[in-house]
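**Student:** First the structure, which I've put down as structure tokens, then a few questions once you've had a look.
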Amino acid sequence: MNKTYQLKVNADTVFESEDLLQGDINVSRVNESTYHVLKNNRSYDVEILENHFTDKNYTVNVNGNNYSVNIQTELDKLINQLGFSLNSTKQVNSIKAPMPGLILDILVTVGQEVAENDNLLILEAMKMENNLSSPRAGIIKSINVTKGATVDKGLVLIEFE
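Mapping of the sequence shown onto UniProt numbering: position 20 corresponds to residue 20, and the numbering continues sequentially without gaps.
Spelled out as structure tokens, the structure:
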């Protein structure tokens with residue numbers, strides 16, 4: 001079973017790996033980051049200048065020209081089509097009550113800047129105290145509850161700018 005990869009070069013040109021591998025191809029490793037490629041009787045000197053393996057971004061030099069290359073597997077393409085991304089920033093703009101309960105304390109104020117994972121408020125539910133923390137860095141736009149208030153599941157408690 002051949003794996004198919006999509007290569008995006010300089011963020012605008014897209015190649016499928018199976019298209020690139022058609023025809024006669026011979027790759028020889030010169031050293032750790034340099035290769036000599038012979039494809040359809042054409043010679044290419046290829047050097048990997050930067051390797052960001054975790055996000056699959058590379059900077060390569062081919063015959064003296066630099067290119068930014070992003071490689072996506074079939075799974076990466078599916079994840080993007082579904083609207084998910086491992087490297088995306090969190091765009092949560094509000095905190096909702098995860099369960100019905102009582103607001104024991106509010107730890108932030110409107111206009112306050114918070115970091116990701118800062119505690120925002122304490123919600124008591126089923127005789128347990130639950131710290132609700134910030135899903136992202138941001139500024140508090142509004143606080144829609146008061147200390148001592150009873151809340152239902154899904155109620156918007158805090159909004160971010």
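Glycine is no exception: its CB is placed at the ideal position from the N, C-alpha and C atoms. The model shown is predicted, which means the values in this text are computed figures rather than measured ones.
Within 10 angstroms of its Cβ, does residue 154 collect 16 or more other Cβ (buried), or is it exposed?
**Tutor:** For the purposes of this step, residue 154 is taken as the residue at position 154 of the sequence shown. In this structure residue 154 is exposed. Its beta-carbon is surrounded by fewer than 16 other beta-carbon atoms within 10 angstroms.
**Student:** Which whole-angstrom value is the C-beta distance of residue 97 and residue 7, which I expect to be below 8 Å?
**Tutor:** Locating residue 97 in the sequence shown gives position 97, where the first residue counts as 1. Locating residue 7 in the sequence shown gives position 7, where the first residue counts as 1. In fact, because the Cβ distance is near 45 Å, the residues do not count as touching under 8 Å.
**Student:** At the level of alpha carbons, what is the spacing between residue 23 and residue 54?
**Tutor:** In the sequence shown, the residue the question calls residue 23 occupies position 23. In the sequence shown, the residue the question calls residue 54 occupies position 54. Distance between the alpha carbons of residue 23 and residue 54 is about 30 Å.
**Student:** Would you give the residue range spanned by the alpha helix (DSSP H) that residue 76 belongs to?
**Tutor:** Position 76 of the sequence shown, counted from the first residue, corresponds to residue 76. Segment 74-81, the alpha helix (DSSP H) holding residue 76.
**Student:** Using 8 Å as the Cβ pair cut-off and three pairs as the minimum, do the region 47-64 and the region 120-127 touch?
**Tutor:** no
**Student:** Nearer than 6 Å: is that true of the beta carbon of residue 70 relative to any heavy atom of the ligand ATP?
**Tutor:** Of the ligands one can find in the structure shown there are none, so the ligand ATP has no counterpart to examine.
**Student:** Starting from residue 43 and walking both ways along the beta strand (DSSP E), at which residues does that stretch end?
**Tutor:** Against the sequence shown, residue 43 aligns to sequence position 43. Taken as a continuous stretch (DSSP letters only), the beta strand (DSSP E) holding residue 43 covers 42-52.
**Student:** What residues are listed by DSSP as bridge partners for residue 68?
**Tutor:** Locating residue 68 in the sequence shown gives position 68, counting from the first residue. In the DSSP assignment, residue 68 is bridged to 59.
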